[in-house]
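Numbering-wise, my numbering puts 17 at position 9 of the sequence shown, and it's gapless, one number per residue.
Cβ coordinates follow ideal geometry from the N, Cα and C atoms, glycine included.
Worksheet for the structure shown next.
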Amino acid sequence: MSNQSEYKRLNFFPGFFTTADDWNDGETYHLEKRKLHNRLLHSPGIMEGLKVVPKEDLTVVVEPGAALDGEGNLVVLSHDESFPVELPDSLPAEVYLILELVDKKTHWDENLQDPDYSGFRRVAEVATVIQQNDEPSEGQIALARIHLETADSPIVGPDQS
9 MSNQSEYKRL NFFPGFFTTA DDWNDGETYH LEKRKLHNRL LHSPGIMEGL
59 KVVPKEDLTV VVEPGAALDG EGNLVVLSHD ESFPVELPDS LPAEVYLILE
109 LVDKKTHWDE NLQDPDYSGF RRVAEVATVI QQNDEPSEGQ IALARIHLET
159 ADSPIVGPDQ S
């Protein structure tokens, strides 16, 4: 049911001095509880948008939208994402267009007097489109399965075949 054996919230009291570890533990608590809620009460998959539109050559555009992966992460793509599909080594073949959540540390804050107190101030949750030959794993959302017959065959949508 859960990836954790127990959940621990922060317990504030007069005189409590918070540290970076306390804040990170607090964030982890809320993230894990939200993911648990999502896994237990919602089905993974595309919630809205994320239509894959074939363009010229071997390019597709993934339209904005939101999905829930099997780990309970809400993955939001906020803009059109143009994606060049790469030909596999041998044809014919099927490839999968996948959406996954990637945490990217941002906003580096450097303390020149004491480098031990330097670090990234934010973690951006980035919706990333990738191509792979294998079916998606639990932490990935399948956007499309593309059958490639020849190097010059166009990508067509399901309503165009």
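Please state the DSSP three-state secondary structure of residue i.
i    : result
A150 : strand
In whole angstroms, give me the CA-to-CA distance for residue i and residue j.
i    : j    : result
E79  : P96  : 29 Å
T158 : S126 : 52 Å
I106 : V137 : 6 Å
D124 : D117 : 11 Å
L3   : E102 : Absent from the model: residue 3. The displayed extent of the chain is 9 to 169, so no value can be given.
P144 : D122 : 44 Å
Please list, in chain order, all residues of the same chain as residue i whose beta carbon is under 7 Å from its beta carbon, the five residues on each side excluded.
i    : result
L99  : L156, E157, T158, A159
D111 : V131, E133
Given a cut-off of 8 Å on the beta-carbon distance, is the pair residue i and residue j in contact?
i    : j   : result
P52  : D30 : no
I149 : V93 : no
E89  : V70 : yes
Ordered along the chain, which non-local residues of its own chain (more than five positions away) have a Cβ less than 6 Å from that of residue i?
i   : result
N81 : L109
Sorted by chain position, which residues of the same chain lie with C-beta nearer than 8 Å to residue i's C-beta, five sequence neighbours on each side aside?
i    : result
Q140 : V103, Y104, I106
Those runs of the beta strand (DSSP E) which lie wholly inside the segment 57–134 and span at least 3 residues: 60–62, 67–70, 73–76, 82–85, 89–92, 101–117
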